[in-house]
Structure formats: structure tokens, C-alpha cells
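For reference, the structure is listed below as C-alpha cells.
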Amino acid sequence: MSTEATLTALTTTRHEASSTAWFWWKETRQLAPLVALLAIVSLLIIVINAILGVAMDSFRMQLPHEVTMLVFPGLFATGAGPLLVGQERSQRTIDWLALLPISSKRIATTKLLVGMAGLATMWAFALLVITAFELGQRDTSHWTIGGQTGYSGNPFSYPVWISHSLFVLLAGFYVAWRIKNQFYSLIALIPLAFAPLIATSLVSEFANRPMATGQLDWINLGFTLLGIVIVTPISYRAAIRTLGAAEAPSVKPLVDVSPHSPARETNDAIPPTFATHTAPIIWQSIHSAKGMLAILIGMLLISFLAAVQLAAVDRYRGIIGLLPWLLLLAPLAVCWLGISVFKHDGASERVRFLADRGVSPGKTYCALHAVPIAILCCSLLVYGLWNLTIVHREAVSNFAAGLPSLVTMLMIVVWIYAISQWVSQFVRTLILSVILAPILSLVTVGWLVFAYLSLGFPIYGLILCGLAPMVATYVMMRRYMDTGDRPLTFVVGGGVVGLIVLLPIGFAAAHVLSVPAMDPTLRAELLSEAQRHAEPNARLVAVPVTGFADDSAFRHDPLGDKMKELQNYLHHYKMDPQQSVAPLKSNASTEVVALVGPWEYTRWHGNMMRARIQWRQQQDDPAWSELAQWLDASATLLPALRRSTLLSGQEIADRLEVLLIDTLQNDVPAERADEPAVQAATQAIGTPASRAAARRRAVVVTWQHKFQDDRERYLNHYLTVLEHQPPGLVGWMQPRFHDSLVTAMLEGIDAAANRSDDIGWRWKLHQLHQTGDVFQTSRYADDLRSLPAIETMTVDRINGYGQLWGRDWEYVELNTRTQP
Amino acid sequence: MFFSIDVQSDVAIYLQLVRQVKFAIAAGTIRPGQLLPSVRALSNQVALNPNTVARAFNQLQADGVIETLRGRGMVVRDAAVEICRRERETVLNERIGSVLAEAWHAGLSKKQIKTYVDDHLRQLVDTEPAVLVSSTEPSDNGGAEE
Amino acid sequence: MSSEAPATDRLPEPNETTMEPVITTDALTMHFRRCDALMGVSLEIQPGTVFALLGENGAGKTTMIRILTGFQKPTSGSCTVCGVNPLRDPQGVRRQIGYVSDAPALYDWMTVAQIGGFTASFYDASFLPNYEASIRRYEIRPEQKIRHLSKGQRAKVALSLALAHDPSLLILDEPTSGLDPKVRRNFLESMIDRAATGRTVFLSSHQISEVERVADTIAILHHGRIRLHGPLAELRESIHEVVIDVDDPLRSIAAPPEPAEVLTEETSGRSRQLFVRHFSPEMIHALREMPGVTEVRTRVATLEEIFVACTSHRTAPAMTASI
């Protein structure tokens, strides 16, 4: 029989095993879930960090890796004591263990030694990972005692951290031995674990001088060691006392009073009456966990008072330095409220009591959640009202300025609570859920905040993600009450996790994909076209228009003569056009391309307008000759500009052409039409087709150079629309926007050449350049475009391409042109 | 053999054991010279305290029904059959007496009782008794009714 | 018919000199904040017997066991278990006894074999074979985890663990509450086996039928006091239920004379039911002679009736065995 074989095998192999080995094996096996949990969570965080680091360039949330690795020995130290001792006490297996011939001393010391060995292992592993992957910076991590001055907080001083985790481990054992209720023992552990820190800040508060961080480190270490020395013996004594005989309570008994006498009558004897069906469940929830609820409410209150205090002070020194730590009590309390839903009275064994009596899962669910949600709503209300009363200005207090609004707080509380209550239903052991829930809540809150800020996740998406865990636990409620939830709960849990992770990513992807990318064939065409137009031998000549050197000599004198100032200014503003275009003429043999910056053109434009006005006013020969100069110079400049392969060059060429056409139309009298300057100017003006070709060339080449190089990298070109996109997605959306810009511009060029009224390209360009404005009032709409171009065009800057394309000036027939 | 013990009856448990052993010997289910199970085995079989079983065995020994066989355990004595039969008759006599007393005290007349007794006897005479060894003479069953 | 060695058949006669009592308690008192669990309990339990402690729920049975095993310090009084004072040396006591409680808290995640191996490492080498034989007899698969066992199987595992080191005293605290009759039978057989080999069993139970089969001595604990204490057979023989029919429902009857003690009395129409101790047959005639009495019937009381009778009065004086 197989049983026989198994038994004989067991007999021969186990017979020589010593009791110590067995004891250590048992304790280690009991610690295994905690270690596994911490390993999984640390892996999770590392993976998330890695993904975020790779995927995003401009991420704002990433934990420093070494903090991740260092937190886990700390969490292990917190959980080891409650898991090894508290869990056994609550499950009463410690009573069975005490029945065996093992002395209490041995039980206590073995458990403690196993805990310490585990802690040492965790530390070794963490330090190994840190050194192997070289996490953290060399100059802020220390191998000697004492920190470098200047780094406040200094969390990476290893000896302090190690000794502190040892102290936390011992404190955990002490509270577990001393206090039977697991929840109360965890509560008691918090102040005890922070005791050295509190002592250190008390010392620095009462010392009359500010202390450097190095000194604070030493004091911290001293208090930690003192703590270890104190806690070890009292922990041992608590263990012996717990494992030994319980003391007889020393109460004077009532002398022979019958159980039914009035002397023993209390309120508890009167059964309470209820009006509805859910009321008794709620009443029972409150009364069975009165202490725990009181403590949680107390934690929320303490946090709130700390916040009130912090909002009133400016600098954090001494004991005030502890207050930010107290703020952490609030999210912890919310987390534990969530955990308490499915533990204690929500635990599946006790909930079965209700299931056996036919209470529906829905009602049970509502009843279990009623009290915690009520508490949270009240606290949020208080917070909201207080938030209204404080002044959100940095001058008063940095802290007050940074307080989140009620809606933000509500969302965060909902996320923490939802995740915690889901973990509570999912993980059966109390201590494991207490450790897992805060970590998962933190990760979720961080991820969702990141999604909202950087990925443009909409608010209803946030609400959905917040409610998903609540829905999950509701769905699993029936099976949970029948304790048959194990396989399915993993599936549902995976669904929730998937939703929270993938929904923001999905939204982001949808958002990115909403901007159409360029068709690959079109892209290939344009690339080849760009190759054709690339002329390495083209000569680029910068036309000096502004003359900055002159301006630097000009200084504003408030006491000077205003008229003289004006004349001075005018003198500096004047320029000689022929001088400016001289470089263009001297190289007439080759095809020259002129370079004029958009902010430089305004001077040319202004001077030419001045010449025109002068001509209109004076109508004499010197005025004409000046104007003729300008006409001639423009005639030289314009073709050179048209050859430019920069988009800005084409825009300036457009403006110059508009100016030239306007001058020829309005200011040149018919009798002067034959003058060489006028003729030259008339010749220089192109046709819609030529302009279209020039523009197209410019668009294609600019796209190839400025937007994208041969290696498919997208270079920086600023589009206003990018300001309005979620910052995390800018990197992905930029190329797509560039592509749509180019396609719109190509369409526009075609429309201008064919004189079509197609509005599509204009609308796209409006979106890309001037998002936020109503289309009807923008420069791309018919209203503004129907006005003459010379009145509406911008001469000092270009705030959007293509505003001049296809407008009436392009199709003007100059009567001076009729000449061959 | 199998025992049926009524834990709640008036009769002490050990006495029930004793009586059932004696009846079994009288009926021939247990033969003289047969080995009885040990106290331990018997107490396990009937789920009774071994002291009770031991007390029953002591009583049987005192009554001369069983004796110790060195190295083996308790055996039934040859003379036990007679003793047990006599005991059984005594017990049956008592039982008949108590039934008749109950009928009498319930108010039945002597004639009624006799009628019932004769009716039952008439039915039983025709059937074969279930006992293996009979100690009666054939003539005892016949005879005119009184 | 098994072939046990006949030497073990001979149990000590009742009047052989007994050894020291296995358990003695002397005026054991335990006061809790809300109740008085024990009020001056004095007992002596002889070795090789099965002692049953009966009592209602909350009568103090578990408290007494906790005191005997050294888990609780009594308010006053003392006790000795196997010659050791549990207050001074609880480990010494626990080494010599086996203890099975109701719903024993074993490590859920261990398998049956693992918990056996774990426990065996603290005892001597004979533990493991005994344990494995026991598990085999109960037909429990050793590789099963304890959390997958049924309640009955778990109780059997706990019993095997308690018995594998052959303790001289086995303490059972309502071990079969809520278990099916087959498992109860198994426990019963174990108890009988222990008694048959000369070990002592201390059973705290309110399964009256089991107690009647298996107990040598019983004690009834009621509101912290021992109401009845003595060998089961004698107690049963000494307590009778007496039913008296009278002509008139309102007629009152004098109580039976000394040395008879009336435990309880109940009236229903024209019948009166009394539970009387040390009732002699002469008293029947005396009762019949009384005016107004039409009929007197009597029979031996069952243990259940004795238990109910002892536990209904609050102020009945404590009675001890008259041996």
C-alpha cells in the first residue's frame, strides 16, 4: 500500500531530525507567506519603475530604487513579530504548542532567533541587489557612521537603518506577546517603532541650538541601541508570562448574589430592538469593534490636528518636525478602515453566520461597508470645511498652499479605501493584508495621479478605476460568504488590476491615435521629393536688415529733447535697401537664396511703407526715386526669398509680395509704369503656380530637415497645440502633429494654386497653431481672410503658416503686367 | 457472541453481562470448555469500562460458571450448564411472576389471567422451541389444562 | 477473539491498596470578574480509573482543566497532577499527560505526517511509530493537510498526538462534541484501551450515554461546587425515581425519613415525582401506608436524570460519596 511506503520513508528520514531543526522549519514555514509577499511586491515595483523609466521621457514619479530595496527589510521587521506570535495567538495554536514538552524560554527564543535570521537574510539580499545594480548615488550612501553635513534627512545611512530595523523587529515581538488582539498590537507598534525618532526630535527641540544632521544621526543611533537594550528583556518577560499560567484576577467577588438579582442587572441584559434589517448588522459591526473604530477615528483626528498645526507655522524645527510624520496616520487609517471591512466580523467564517440565516450578499456588503464609509464621509466633510477656512498662499505657509482640494482628497481616499478593502477580501491573513494594502494603495494612487497629470486620463476614468475594486468585491460577495471564492477571486482580481493598469494606457493610446499619421506611401513620396530638392551647392546669403550694431549705441535719455529723440530714432531706423541687397546682386551668376528672419522683415516693411507715404505726401522726384529704390531692391529680394527652402522664408516672401503688389496697385501712377524699377518689380511677382511650387518645395524640405531626419528621429519644432496635450504624451503626439501639419499645408498649397474654397486645411492649421480660439474668429476663417491681406498680416512675427495662402492678393491681375 | 447492553435500565451493567452470559450458556450458544474473550477485548467490543467487565467476570467466577485456565484465560466450566439453566428458570419464573402481578394489580380476575395464559400456551405447544438442548420430558408439555 | 496476554486480564481488586492518587485538588477556588467558576473543589482521582466530570456548560469544567494543566492560576487552593504541582512546574505536568480539547487548534498548513514528525522530535523515539500506527488505524492519509481534514479526522489526529507518547494521564475536554457517532466510538475505544492498560483517563463531558458506559467514577459540578462524587455503579444503585400517586392534587406528602435524601421533587396533577437517594424498600411500604397515597412506583434513576436532578437546585448541599 502506498500509505505504508510513505510511512516507512517518513520514519527512516525523520527519525534523526532534531527538535531544533523541526522547530526552525515550522517557524520558517510560517514566515514564508510574508517573504513571498514582499518579494512579489518589490518585483512589482521594480518592474513598474523600469517600464515607466523606459516608456516615458518626462516621468515625474519614480521611486529611487534603493529606497525600494531598503523598505523591505523594514516591512519584514514590522511583520515578523505579529506573524510568528500574534497569528499563533489569535488562532490558538500557541496553546497547543505550549502543551508539548517545550519550555517557554525555548519557544520565545526560537521565534525571536528565526525572526532575526530572516531579517539578516532580507538585509543581505537588499544590500546585494543594491551593490550589484549600483542603485543610489555613491556620495549619499554611507558605509561609515555619521552623515555628511548638508544632506537633510539622510535616509541612506545604513548602520542607522539596520539597527532601527532590528529595534522594530524586537518591538514587534514585544507588542505581539503583550497584546492579544492583533489589531491593537499593530496600533501599539507604530509609536513604539518611531520612539527613537521621537526621542531624537525631542532632544533637538529642547537643545538650545540647531543641530547638524550628522549629530542627529548619532543621537538617533544611540536611542535605537538603547531601545534594543530595553525592549529585549521586557519582550522576553512578556513571552514567559503569556506562555505561562494566567494570573487569577484579583477581584472581590460578589457575596452570594443570585444571577437574577437586581444587583447584577445591566443595560446589556436588555435586548436591543431594530426597525430595519440592516440596522442590526451595522449595530453589531460597531459594537464588536468599538475599540478599533475608536482608534482609527483617533488616528484621523490626530492627523487632522497635525495638518491644522502645520498650516499655521512656517518652519519645521524640533518637535514640529515630527508633525509631517503624523500626517501619514490619515492614509494609514483609511487603509486600515478598508482592511477592517473583511476582517474580524467581515471575516468569511463570521459572515457565514449571516449567510446561514439567509441575509442576502448585497445587504451584507452594504452593512459591512456602511460604518467605514460613514466615518470617511464625515472626515472628508470636516476636511472640506476646514480647507475653506485656510488661506492657500505660500506666504503664510508652504503647507497650506499645497493642500489638495476636497475633490482630490476624495479621489485619493476612494482609491486607498477601495484597494484596501479588496486586498482585505483577497488575503485571508490579517498581518499580510496589513502590509500589502498600504503598498498597493500607494502604488495605485501614484499610478492614477500620474495618469491624470501626465497621460491626460479623464476624471470619469479615475472614478471608474476607483470603483472597480468595490464592484469586484461586491461580485465576489456571495462566493466569499460561502468561502468558495478561491479560484475565481484571482480571476476577478486580475481583471481589476488589468483595468486599473490598462485603462489609462488605453485612453492615452486612443488619444495619441486620434491624430492621424501620414500615409506611408505619401511619406515615401515626400522623402524622395525632398532628396531631389536638396541642393548642397545652394548659396545662402543672410541679408542684413536689422542692423543691431547701430541700435546698441542708442540710449534713452528721459530729460532730453523729445523732438531730437524722435529724429534720432528715425535716423537709426532708416536703412538703405540697395545696401542690404547688395550681396544678392553681386553673386548674380549663381542662384542665391536670401535669409531673412521673421523679426527682421518688419524693418524692411516699415521703411518701404515710409517711402510710400512720403511719395504720397510729397509726390516729387526725390520721393519717387526713393520709392523706386525700394521697388528695385524688393524685386531683387523677392525671387531670392522664393528660392528659400525654409518655411519662414516663404512666409516672408509672401509678405513682401503682398507689399509689392499693394504698392504697384495703389502707389505707382500709370505714367511711371515703364520705369525700370517698376518693371523689375512687376516681373518679380510670381503666379499662383510658381508660388505653389516654391511653397511645396519649402514644406517638403523643411519637413525632411526640421521635423524628421533620415534616421526617423523627430526634431523639435514648436506647435502651440502641444501645450494643450498631456505632458506625458507629448513625445508621441509630436510626430503625428507634424505629419498632419505637413499634409494640411500641402493641401493648402494645392487649394491656393487651384483657387478652391476648401476649408479643411485651414481648419486643421487653425487647430495646430491657435488652439483654444473659436475658428470663426481666427486668422484662418473667412471673416478675416476676406479683408485685404496687407491690413491683416503680421509683419514682426509668424504665428502660423499659411495665413496668406489663397487669399485675394494672389489672383490680382496687375495691369502693368500686360507688358511683355 | 454478541451482547446488547441497555445503559439506562434498572439493572446494573455488569449484571446484564452476567445474565446474558448465563443465558447463552444455558441456550448452548457457549459450550463448556469454550474460552471467553479477555477483559480488554470484551470491553473494546462492547465499549464498556474494563472494570465493569472485570466485575462481571468476577461475579461469574463467584457463581461457579467460569474458571481460570492457567495461561489462557477464562473458560466455561462443565457444571456451568446446569447452574445456568437453573438460573434461567429462576429468572423466567420471576418474570412470569412479575407479569402476573402486573395483570393482577391492574384489576384482571384470576379467570381472565388463566384464559390468557392457556391461550398462549396452546399456540406455543405446537411450535418447536428454539433451544438447542431441551431439559424437559415430553410428557411435561401435554396434559389437561387445569 | 484476540490473543492478549492473560496477565493483563487481572485487574487490581477494588480493595487492593491503591497507589497515590493521580490528581488531587484541595479547596480549589477560581473567581473571575463575572462569575465564580470554582468554589472550593476537592477531589481525588485514583490511578487506573476513568473519571468523568459532568456539568452544564459554563459550570467550571474547562477552568478546572486549565488549572490542572497549568494554564491558569487559581484564586486559592492547590492541586497535584501526577505528583507535580502545576503551578510550580507546568512543564513537568504537561510532559506526563496527554490533552485533547474540543476543536483542537492544530497547525492548518501542516500535513498529518509533518505535525507527527514535528511533535515526535520533542519526545522519545517511540512516539512516531505509535503515532503512525494510530493514524493508520484511523485510515487517515498522512499526506493530507490538516485544513482539508474533516472535524472528526482532526479530532482523531489530535487524539493520536496526545496518546503517542503513552502518557499515564489522558485529559479529554469534551473531545467529541459535534462529531459523528463513529468518531465518538473511536474515542470511547481509546479511553477503554487506556483504562485496560492501567492508565488514567480524566473525561470532561456531557455525553451522558458515553459516560455511563465508560466511567468508573463520576463527579457532577454545578455552579462551581461538586454536587455528587463517587463510583458510578454505586451512585446509580443508590438513587431512585419514586412516583407517588395521590388522591387529591393538593395533598402534601411528608418526605421520606432519614437516611433518604430527596434530590428534587416535581408535581404533575395527582402524581409526584421524587428523586431520592438511599431509598430502601421499607420506605415504599411506609409511603403506601400514608393517608391519601394510592400508588407508589419506583425504579433506578438513569444518569441523565441524576444529572438533571443535581443541576437544577442552586442551594442543595454538596454531597460526597459515602465510602
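Chains as they are written, first to last, in my numbering: chain A, 1 to 820; chain B, 1001 to 1146; chain C, 2001 to 2323.
From the three backbone atoms N, C-alpha and C, an ideal C-beta is built for every residue, glycine too.
One Cα belongs to A/A692, the other to A/A752, and the distance between them is close to 7 angstroms. Within the region 462–503 of chain A, the runs of alpha helix (DSSP H) that reach at least 4 residues and sit entirely inside it are, in chain order, 477–481. Non-local C-beta neighbours of C/L2043 in its own chain, meaning closer than 6 angstroms and more than five positions away in sequence, comprise T2025, ordered along the chain. Inter-residue distance for A/I661 and A/W809 is about 8 angstroms (C-alpha atoms, whole angstroms). Note that the region 329–346 of chain A touches the region 299–307 of chain A; at least 3 beta-carbon pairs, one per stretch, sit closer than 8 angstroms. Of all C-beta pairs linking the region 81–94 of chain A to the region 106–118 of chain A, three or more are shorter than 8 angstroms, placing the two stretches in contact.
In the structure shown, the three-state DSSP call for C/I2045 is strand. Three or more beta-carbon pairs separated by less than 8 angstroms link the region 2066–2079 of chain C to the region 2029–2036 of chain C, which places the two stretches in contact. Within the model, the alpha-carbon separation for B/V1053 versus C/F2187 is close to 18 angstroms.
With contacts defined by Cβ atoms closer than 9 angstroms, A/K26 and C/F2118 form a contacting pair. For B/T1068, the enclosing beta strand (DSSP E) covers residues 1066–1069.
Apart from sequence neighbours up to five positions away, the residues of its chain that approach C/R2251 with a beta-carbon distance below 7 angstroms are G2292, ordered along the chain.
At least one CB atom of chain C sits nearer than 9 angstroms to the CB of B/S1009. In the DSSP assignment, C/R2094 falls within the unbroken alpha helix (DSSP H) covering 2090–2096. About 14 angstroms separates the beta carbon of C/E2174 from that of C/S2209, a gap too long to meet the 8 angstroms contact definition. Residue contact check for A/R29 against chain C: a CB pair falls below 9 angstroms. Note on A/Q579: under 16 other CB atoms within 10 angstroms of its CB, so exposed under the neighbour-count rule. Taken in chain order, the complete alpha helix (DSSP H) segments of 4 or more residues contained in the region 2122–2198 of chain C are 2127–2137, 2151–2163, 2181–2196. Nearest CB-CB separation between C/L2149 and chain A: not below the 9 angstroms threshold. Residues of chain C with a Cβ closer than 9 angstroms to the Cβ of A/T93 are, in chain order, A2105, L2106, Y2107, D2108. Taking a Cβ-Cβ threshold of 9 angstroms, none of the residues of chain A is close to C/Q2153; the smallest such distance is about 14 angstroms. Legend: CB atoms of the region 1008–1035 of chain B lying less than 9 angstroms from CB atoms of chain C belong to residues Q1008, S1009, D1010, V1011, A1012, I1013, Y1014, L1035. Taking A/L243 as the centre and dropping the five residues before and after it, the same chain places the C-beta of I94, A98, S104, I107, A108 closer than 8 angstroms to its C-beta, in chain order. Collapsing the DSSP output to three states places A/I759 in coil. In the DSSP assignment, C/D2026 falls outside any alpha helix (DSSP H) and lies within the beta strand (DSSP E) extending over 2023–2031.
In terms of Cα proximity to A/P372, the closest of A/L513, A/F353, A/A289, A/P324 is A/A289.
For B/F1023, the enclosing alpha helix (DSSP H) begins and ends at 1013–1027.
Taking C-beta separations shorter than 7 angstroms and ignoring five residues to either side along the sequence, the partners of B/R1088 in its chain run K1022, F1023, A1026, following chain order. Judged by DSSP in its simplified three-state form, B/V1075 adopts strand.
Counting along the chain, A/T389 sits inside the alpha helix (DSSP H) bounded by residues 361–389. The alpha-carbon separation between A/P249 and C/L2038 amounts to approximately 14 angstroms.
Its Cα nearest to that of A/Y474, the residue A/S424 stands out among A/S424, A/K562, A/Q531.
Between A/W177 and A/A238, the gap from beta carbon to beta carbon is short of 9 angstroms.
Going by C-alpha positions, A/A117 is about 13 angstroms away from A/I162.
In terms of Cβ geometry, A/F399 and A/A307 form a close pair [threshold 9 angstroms]. When Cβ-Cβ separations below 9 angstroms define contact, C/G2117 makes contact with chain A.
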